[in-house]
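Colleague: Just so we're aligned: the sequence shown equals residues 83 to 326 in my numbering.
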Amino acid sequence: MFPILARTRWFFIYSYTAVLTLGLLLSIGILYWKAQKSEQPIWLDGILFGLFGGIATGRIVFVAIEWGYYAERGDELGKIWQGGLNFHGVLLGAMLGIGIGAFIQKRPFFPSLNEFAPVIPLLFLAGWGACWLEGCAYGVETTLGFFSSNLPDHLGVFSVRYQTQLAGMIISSLLLLWGLFERNGRNLPFLLGISLFTHAMITQFRGDSAILINNIRLDIIIDIVLVLFCLILIQYSPVSDNKR
Numbered sequence: 083m084f085p086i087l088a089r090t091r092w093f094f095i096y097s098y099t100a101v102l103t104l105g106l107l108l109s110i111g112i113l114y115w116k117a118q119k120s121e122q123p124i125w126l127d128g129i130l131f132g133l134f135g136g137i138a139t140g141r142i143v144f145v146a147i148e149w150g151y152y153a154e155r156g157d158e159l160g161k162i163w164q165g166g167l168n169f170h171g172v173l174l175g176a177m178l179g180i181g182i183g184a185f186i187q188k189r190p191f192f193p194s195l196n197e198f199a200p201v202i203p204l205l206f207l208a209g210w211g212a213c214w215l216e217g218c219a220y221g222v223e224t225t226l227g228f229f230s231s232n233l234p235d236h237l238g239v240f241s242v243r244y245q246t247q248l249a250g251m252i253i254s255s256l257l258l259l260w261g262l263f264e265r266n267g268r269n270l271p272f273l274l275g276i277s278l279f280t281h282a283m284i285t286q287f288r289g290d291s292a293i294l295i296n297n298i299r300l301d302i303i304i305d306i307v308l309v310l311f312c313l314i315l316i317q318y319s320p321v322s323d324n325k326r
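Here it is as structure tokens:
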């Protein structure tokens, strides 16, 4: 759609990078705002650990999946500003980073992780928005009807497709509003589980290439596994004493 937002004398401003950066900055702002009303405020180290873990793991998983491309283009391995982060890699890496930060800071893991719950839908929203501008995660071809439009694939070939990115942005926006004002102590498993479930439902209508297992997209399988994990967290994770 609009992979390059602007050009300067020295570099391009890629839409994918710009939208994700905006999402991260807004997330930090929301966490700071929520921390002012919390007895267990967000600590900067936790944000940095989660950010580093998410970007590093997301890039590693993406490169591993697309190794056929990067094996011949080693100079592009670190160029994340051109796009190329695996969604599940970012999610798991961020949670791992937050966990490591909590361990170093000698803080309980679940309450620490739960502090990041309000920004989960925002990061989903940023991801869908980045893909809408970049042209990734596009919909499968269909006939003209409800929630379909004449849209391009990653090569710029237009066809009538499901508006998967738009659907993801709308649902993520609604979940974001709920997450900002929800007061349940277990809101991270709820928000993450619902976000992953809706992501799996939308992904069924995506037309981009993916690894298939028995004709089922691998990313859908991972979504469902993580949803089940969230259900376990809802059942067994301790309720935060900090009610917003």
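Ideal Cβ positions, reconstructed from N, Cα and C, are used throughout, including at glycine.
Across which residues does DSSP place G221 in a beta bridge pair?
Modeller: G221 is bridged by DSSP to R288.
Colleague: So, does the stretch 127-140 touch the stretch 228-240, judging by three or more C-beta pairs under 8 Å?
Modeller: no
Colleague: In the DSSP assignment, find the beta strand (DSSP E) that holds V242 and state where it starts and stops.
Modeller: 240-244
Colleague: Using a threshold of 8 Å, state whether the C-beta atoms of G211 and I180 are closer than that.
Modeller: no
Colleague: Straight-line CA distance for G221 to T280?
Modeller: 15 Å
Colleague: Report buried or exposed for I298, applying the criterion of at least 16 other Cβ atoms within 10 angstroms of its Cβ.
Modeller: exposed
Colleague: Going by the CB atoms, is the gap between P200 and Y277 shorter than 8 Å?
Modeller: Going by the sequence as given, residue 277 is Ser instead of Tyr. Cβ atoms of S277 and P200: not closer than 8 Å.
Colleague: Can you look up N232 in the DSSP assignment and give me helix, strand or coil?
Modeller: strand
Colleague: I333 and L113: beta carbons closer than 8 Å?
Modeller: Residue 333 cannot be examined here, being either before or after the span of the chain that is shown, 83 to 326.
Colleague: Take F84 and list the residues in its own chain whose beta-carbon comes closer than 6 Å to its own, dropping the five residues that flank it on each side.
Modeller: Excluding sequence neighbours, F84 sits near S97, L215.
Colleague: My output table needs one value for D305: the three-state DSSP class, helix, strand or coil.
Modeller: helix
Colleague: Per DSSP, I182 is paired with what?
Modeller: BP columns for I182 are empty, so no partner.
Colleague: Among R91, I162, G140, F191, which one has its Cα closest to the Cα of A100?
Modeller: I162
Colleague: Can you pull the DSSP bridge partners for A88?
Modeller: I95
Colleague: Kindly give me the distance between the Cβ atoms of D301 and H170, rounded to whole angstroms, as I take these residues to be in contact under 8 Å.
Modeller: D301 to H170, Cβ: 7 Å. Contact.
Colleague: Identify the residues that DSSP records as bridge partners of I314: which are they?
Modeller: None, per the DSSP bridge assignment.
Colleague: Excluding the 5 residues preceding and the 5 following L315 in the sequence, name in chain order all residues of the same chain whose CB lies nearer than 6 Å to its CB.
Modeller: So the list reads P271, once near-sequence residues are dropped.
Colleague: Out of L205, Q187, I293, which has the shortest C-alpha to C-alpha gap to S109?
Modeller: L205
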